[in-house]
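Contents: one structure, followed by commentary.
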Amino acid sequence: PATVIVREGAPGSSMFFITSGNVEVRKKDPNTNIDFLLTEMGPGQNFGEMSLLTGKPRTATVITLQPTTCAVLEQKDFHDLLLQYPKIGLALTTILAERVETASQQVGIEFINLAKMNFDPRVLSLVPQTMMLQHRMIPVAFANNRLTLAMVNPNNIIALDDIRRVIKGVMIEPVVTTEEDFKKFMSTTYEQLMNKTENAPDTGKQIASVTRQPENAIDLLQSEIIRDLQLTEDSGAAMGDSKQEITSASEDAPIIRLGNSILGLAIKKGASDIHIEPMEKDVVVRFRLDGVLQVVQNLPKKVQLGLISRLKILSKLDISEKRLPQDGRISISMEGKPIDFRVSTVPAKWGEKICMRILDKSNTSLGLDKVVTHQPTLELIRELINQPYGIMYVTGPTGSGKTTTLYSALAEINEPGYNISTAEDPIEYDLGGVNQIQVNKDIQLDFARILRAFLRQDPDIILVGETRDKETAHIAVEAALTGHLVFTTLHTNSAAGSFTRLNEMGIEPFLISSSTIGVMAQRLARRLCKNCKEQMQAEDQVCEYMGLPPKSMVWKGRGCGECNGKGVKG
5 PATVIVREGA PGSSMFFITS GNVEVRKKDP NTNIDFLLTE MGPGQNFGEM
55 SLLTGKPRTA TVITLQPTTC AVLEQKDFHD LLLQYPKIGL ALTTILAERV
105 ETASQQVGIE FINLAKMNFD PRVLSLVPQT MMLQHRMIPV AFANNRLTLA
155 MVNPNNIIAL DDIRRVIKGV MIEPVVTTEE DFKKFMSTTY EQLMNKTENA
205 PDTGKQIASV TRQPENAIDL LQSEIIRDLQ LTEDSGAAMG DSKQEITSAS
255 EDAPIIRLGN SILGLAIKKG ASDIHIEPME KDVVVRFRLD GVLQVVQNLP
305 KKVQLGLISR LKILSKLDIS EKRLPQDGRI SISMEGKPID FRVSTVPAKW
355 GEKICMRILD KSNTSLGLDK VVTHQPTLEL IRELINQPYG IMYVTGPTGS
405 GKTTTLYSAL AEINEPGYNI STAEDPIEYD LGGVNQIQVN KDIQLDFARI
455 LRAFLRQDPD IILVGETRDK ETAHIAVEAA LTGHLVFTTL HTNSAAGSFT
505 RLNEMGIEPF LISSSTIGVM AQRLARRLCK NCKEQMQAED QVCEYMGLPP
555 KSMVWKGRGC GECNGKGVKG
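According to my numbering, the stretch in the sequence shown is residues 5 to 574, in order.
Below is the structure:
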């Protein structure tokens with residue numbers, strides 16, 4: 005688990021040298037109370053030197069990402085070391101002189117009048133607004149890999165250190181402005197300029213090449229990935245859309261970035277679902293990773309209205325309707341890969357809860373051998389899906405991969421010689437060469453009606469998203485008995501439970517036995533993290549339960565930064 009080494013605002017008088025492991029450096033936004041990531045550090049790097057030299061409180065929080073070892077240098081030992089080895093003091097003086105060179109000489113630093121400056125909104129966006137307010141600085145120009153910063157106090161070494169951690173690989177040139185000009189700019193001009201970011205004039209490719217670290221804890225994606233996160237035409241609303249009923253909160257640039265970051269981070273981490281849950285005092289964001297829900301961030305209550313409205317706009321939902329559940333869809337492209345989100349909202353006690361199922365269309369290219377890894381089972385399933393007629397049922401709890409399994413099966417037998425039709429609610433993935441029909445309850449187009457139409461379309465193979473009712477079950481059996489191969493799913497906990505469920509729907513036992521060719525029950529099993537798994541001797545009770553010889557060696561995940569300390573990943 006993550007361990008806090010130093011906390012922002014705590015007294016400090018020591019310096020840390022990382023000998024092994026990795027840490028992340030975070031600062032808290034005083035306005036929204038959100039932590040944002042400054043940088044990550046590893047072996048050979050150090051932190052805490054400013055507190056060691058000045059004795060002032062810590063300016064950031066440092067948290068371990070994995071088991072980490074640090075050497076600690078206390079202030080007293082540091083002073084003793086300087087007395088004993090003067091050359092260390094000389095070397096340190098040289099380093100510090102380089103770091104404060106531009107900030108230590110007030111004379112000769114240019115003074116500028118912000119009111120007379122022409123600002124490029126893209127240059128302003130290089131520095132988080134929270135950092136600008138905290139250190140009273142404004143990025144005014146960027147050229148020849150040099151960023152010019154207007155600062156109320158250009159001697160603020162901590163501010164210069166922070167900006168170098170946020171913006172990598174550029175020269176920082178401070179200039180002086182007045183406190184009055186700074187406050188006036190941030191209260192009026194800044195918001196006007198940032199609202200025009202999309203229409204900013206082209207200042208060349210240099211700005212796009214600047215790498216800036218994320219602004220807050222939820223935005224852990226690399227900048228280039230976020231820039232690649234674009235809405236597709238069928239997503240419902242473009243990023244800059246404006247409607248009369250849209251609340252102003254959903255149009256704020258920070259809300260747009262926060263919404264994008266949540267979607268992008270979920271994709272990067274491989275989540276299957278996103279839960280945004282309003283509570284009494286905050287908004288909880290949870291991802292389902294490897295089948296288990298995990299809290300990602302607790303957002304302040306003030307972002308709730310804007311964030312929920314933003315996601316509803318992208319999902320083509322009515323943002324004025326908060327009393328009834330709604331269903332929608334978001335389509336995006338990330339790194340050139342199309343990804344859909346199936347969105348569902350429900351009215352909860354503290355506001356609308358949103359759940360988004362992530363549908364990665366690249367998953368449809370998975371071979372059946374990637375989904376079913378047990379070779380005897382794989383051979384049996386391949387034998388079943390190549391039968392000329394009959395029904396194959398796939399059962400399991402929600403989110404266990406039933407649809408992925410059926411799509412993989414269809415992809416394996418999809419040939420020009422077959423007429424394949426599917427009835428789905430909703431269509432989760434696009435399948436080439438397959439006729440896909442979506443259920444539409446508004447016009448009474450349900451599974452049963454679609455199935456009846458399929459039987460008049462000369463089908464060879466039919467996929468029914470789910471057998472929910474008696475009528476759908478009867479038509480599926482009829483299709484199987486008249487020479488068609490049918491794939492469908494049932495919500496039961498076991499393969500044997502499928503027969504009981506069909507019997508409850510009114511299907512006669514002799515029809516079940518004559519139409520069913522196979523039932524497959526499946527679960528998602530989490531895999532051990534490849535980075536930290538290690539062998540250990542199993543306990544006697546484990547060996548007895550699993551039928552293993554005593555003292556058998558098994559694998560166990562220790563937990564590391566790659567798997568967030570869980571020991572399992574994937």
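Cβ coordinates follow ideal geometry from the N, Cα and C atoms, glycine included.
Remember, it's a predicted structure, so these values are computed and weren't measured experimentally.
Query raised in the report: Excluding the five sequence neighbours on either side, which residues of its own chain have a C-beta within less than 8 Å of the C-beta of Val376, listed in chain order?
Result: Reading the sequence shown from its first residue, position 372 is the one you call residue 376. Excluding residues within five positions, the ones whose Cβ falls inside 8 Å are Leu382, Ile385, Thr409.
Query - Proximity below 7 Å, CB of Ile424 to CB of Val490 - result: Sequence index remark: in the sequence shown, residue 424 carries index 420 (1-based). Sequence index remark: in the sequence shown, residue 490 carries index 486 (1-based). Not closer than 7 Å, so no.
Query - Sheet register partners of Val288 (DSSP bridge) - result: Here the question's residue 288 lines up with position 284 in the sequence shown. Note: Val288 sits in a beta bridge opposite Glu281, Asn302.
**Report entry** First through last residue of the alpha helix (DSSP H) which encompasses Tyr194
**Finding:** On the sequence shown, residue 194 is found 190 positions in, with the first residue counted as 1. Unbroken alpha helix (DSSP H) run through Tyr194: 194-198.
**Report entry** Val347, enclosing beta strand (DSSP E) - first and last residue
**Finding:** Here residue 347 corresponds to residue number 343 of the sequence shown, with the count starting at 1. It spans 341-352 - the beta strand (DSSP E) in which Val347 sits, taken as one unbroken run.
Query raised in the report: According to DSSP, is Ala442 helix, strand or coil?
Result: Taking the sequence shown and counting its residues from 1, one reaches residue 442 at position 438. Residue 442 is actually Gln in this sequence, not Ala. Of the three classes helix, strand and coil, the one that applies to Gln442 here is strand, per DSSP.
Report task. Assuming Met338 contacts Ile271 (C-beta within less than 8 Å), just tell me the rounded distance between them. Result -> Indexing the sequence shown from 1 puts residue 338 at position 334. Indexing the sequence shown from 1 puts residue 271 at position 267. 6 Å between Cβ atoms; contact.
Query raised in the report: If we count Cβ pairs, one from each stretch, closer than 8 Å, do we get three or more for the region 498-508 versus the region 454-469?
Result: no
**Report entry** Inter-residue CB distance, Val174 and Arg150 (contact presumed, cutoff 8 Å)
**Finding:** As a position in the sequence shown, residue 174 is number 170, starting the count at 1. As a position in the sequence shown, residue 150 is number 146, starting the count at 1. Right, the Cβ-Cβ distance comes to about 7 Å (below 8 Å), so this counts as a contact.
**Report entry** C-alpha distance - Pro401 paired with Ile441, whole-angstrom precision
**Finding:** As a first step, residue 401 is located in the sequence shown; it is residue number 397 there, counting from the start. As a first step, residue 441 is located in the sequence shown; it is residue number 437 there, counting from the start. About 24 Å.
Report task. Could you have a look at Ile271 and say whether DSSP puts it in helix, strand or coil? Result -> The residue given as residue 271 occupies position 267 in the sequence shown. It is helical.
Report task. Helix, strand or coil for Thr407, going by three-state DSSP, please let me know. Result -> By one-based count along the sequence shown, residue 407 stands at place 403. If DSSP states are grouped into helix, strand and coil, Thr407 belongs with the helices.
Query raised in the report: In this structure, what does DSSP give as the bridge partners for Ala154?
Result: As a first step, residue 154 must be located in the sequence shown, where it is residue number 150. Paired residues: Ile142, Val179.
**Report entry** Three-state class that DSSP yields for Met136 in the structure shown
**Finding:** For this step, residue 136 is matched to residue 132 along the sequence shown. It is helical.
Report task. Pull up the distance between the alpha-carbon of Asn390 and that of Lys555, whole angstroms please. Result -> Position 386 of the sequence shown, counted from the start, is the residue given in the question as residue 390. Position 551 of the sequence shown, counted from the start, is the residue given in the question as residue 555. Taking the straight line from one Cα to the other gives about 44 Å.
Query raised in the report: Tell me, which residues are paired with Arg333 by DSSP?
Result: Position 329 of the sequence shown, counted from the first residue, corresponds to residue 333. Answer is Arg346.
**Report entry** For Gly525, the residue or residues it bridges with in DSSP
**Finding:** Taking the sequence shown and counting its residues from 1, one reaches residue 525 at position 521. Before going further, note that residue 525 is Ala rather than Gly in the sequence given. According to DSSP, which records beta bridges pairwise, Ala525 is partnered with Thr399.
Query raised in the report: Excluding the five sequence neighbours on either side, which residues of its own chain have a C-beta within less than 8 Å of the C-beta of Val481, listed in chain order?
Result: In the sequence shown, residue 481 corresponds to position 477, counting from 1. Result list for Val481: Ile395, Ile511, Leu515, Ile516, Ser519, in chain order.
**Report entry** Proximity of Glu28 and Glu53 at Cβ, strictly below 7 Å
**Finding:** Here residue 28 refers to the residue found at position 24 when the sequence shown is read from its first residue. Here residue 53 refers to the residue found at position 49 when the sequence shown is read from its first residue. The answer is no: Cβ separation not under 7 Å.
Query raised in the report: Considering only C-alpha positions, which residue in the set Gly403, Gln448, Gly274, Cys536 is nearest to Gln526?
Result: Along the sequence shown, one-based indexing puts residue 526 at 522. Out of Gly403, Gln448, Gly274, Cys536, Gly403 has the C-alpha closest to the C-alpha of Gln526.
Report task. Could you check what DSSP says for Asn507 in three-state terms: helix, strand or coil? Result -> Along the sequence shown, one-based indexing puts residue 507 at 503. Asn507: helix per DSSP, three-state reduction.
Query - Endpoints, beta strand (DSSP E) assigned at Leu77 - result: Looking up residue 77 in the sequence shown gives position 73. It spans 73-78 - the beta strand (DSSP E) in which Leu77 sits, taken as one unbroken run.
**Report entry** Residue span of the alpha helix (DSSP H) that contains Lys31, given as start and end
**Finding:** Position 27 of the sequence shown, counting from 1, holds the residue named residue 31. Unbroken run through Lys31 is the beta strand (DSSP E), 27-32; no alpha helix (DSSP H).
**Report entry** Nearest to Gln308 (by Cα), restricted to the options Ala352, Leu328, Lys341, Glu538
**Finding:** For the purposes of this step, residue 308 is taken as the residue at position 304 of the sequence shown. Among Ala352, Leu328, Lys341, Glu538, the Cα nearest to that of Gln308 is on Ala352.
Query - Bridge partners - Glu53, DSSP secondary structure assignment - result: In the sequence shown, residue 53 corresponds to position 49, counting from 1. Note: Glu53 sits in no beta bridge, so no partner.
Query raised in the report: Taking all protein chains shown into account, do 16 or more other C-beta atoms lie within 10 angstroms of the C-beta of Leu87, making it buried, or fewer, making it exposed?
Result: The sequence position of residue 87 within the sequence shown is 83, counting from 1. Classification for Leu87: exposed.
**Report entry** According to DSSP, residues forming a beta bridge with Lys541
**Finding:** Residue 541 sits at position 537 when you count from the first residue of the sequence shown. Before going on, a small fix: residue 541 reads as Gln here, not Lys. Looking at the DSSP assignment, Gln541 forms a beta bridge with Met557.
Query raised in the report: Who are the Cβ neighbours of Pro15 in its own chain at under 7 Å, not counting the five residues just before and after it?
Result: For the purposes of this step, residue 15 is identified with residue 11 of the sequence shown, where counting begins at 1. Excluding sequence neighbours, Pro15 sits near Pro61.
Query - Burial state of Arg30, where buried means 16 or more other Cβ atoms lie within 10 Å - result: One-based indexing of the sequence shown puts residue 30 at position 26. Counting Cβ neighbours within 10 Å, Arg30 comes out buried, since at least 16 surround it.
Requested in this report: Determine the burial state of Tyr411: buried for a count of at least 16 other Cβ atoms within 10 Å of its Cβ, exposed for fewer.
Outcome: Taking the first residue of the sequence shown as 1, we reach residue 411 at position 407. By the 10 Å Cβ count, Tyr411 comes out buried.
Query - Beta-carbon spacing of Lys573, Cys533 below 7 Å - result: In the sequence shown, residue 573 corresponds to position 569, counting from 1. In the sequence shown, residue 533 corresponds to position 529, counting from 1. Yes, the pair counts as a contact, with Cβ atoms nearer than the cut-off.
Query raised in the report: Which residues share a DSSP beta bridge with Ser502?
Result: Sequence index remark: in the sequence shown, residue 502 carries index 498 (1-based). Paired residues: none, contrary to the question.
Report task. Ignore the nearest five residues each way along the sequence and tell me which others in Pro575's own chain have a CB closer than 6 Å to its CB. Result -> Outside the modelled stretch of the chain, which goes from 5 to 574, sits residue 575, for which no answer is possible.
Query raised in the report: Going by Cα to Cα distance, which pick from Gln133, Val347, Asn507 is closest to Asp473?
Result: On the sequence shown, residue 473 is found 469 positions in, with the first residue counted as 1. Selected option, being the one with the closest Cα: Asn507.
Query raised in the report: Ser319: buried (16+ other C-beta within 10 angstroms of its C-beta) or exposed?
Result: Sequence index remark: in the sequence shown, residue 319 carries index 315 (1-based). Buried.
Query raised in the report: Which whole-angstrom value describes the C-beta separation of Thr582 and Val131, a residue pair presumed to lie in contact below a C-beta threshold of 8 Å?
Result: Residue 582 cannot be examined here, being either before or after the span of the chain that is shown, 5 to 574.
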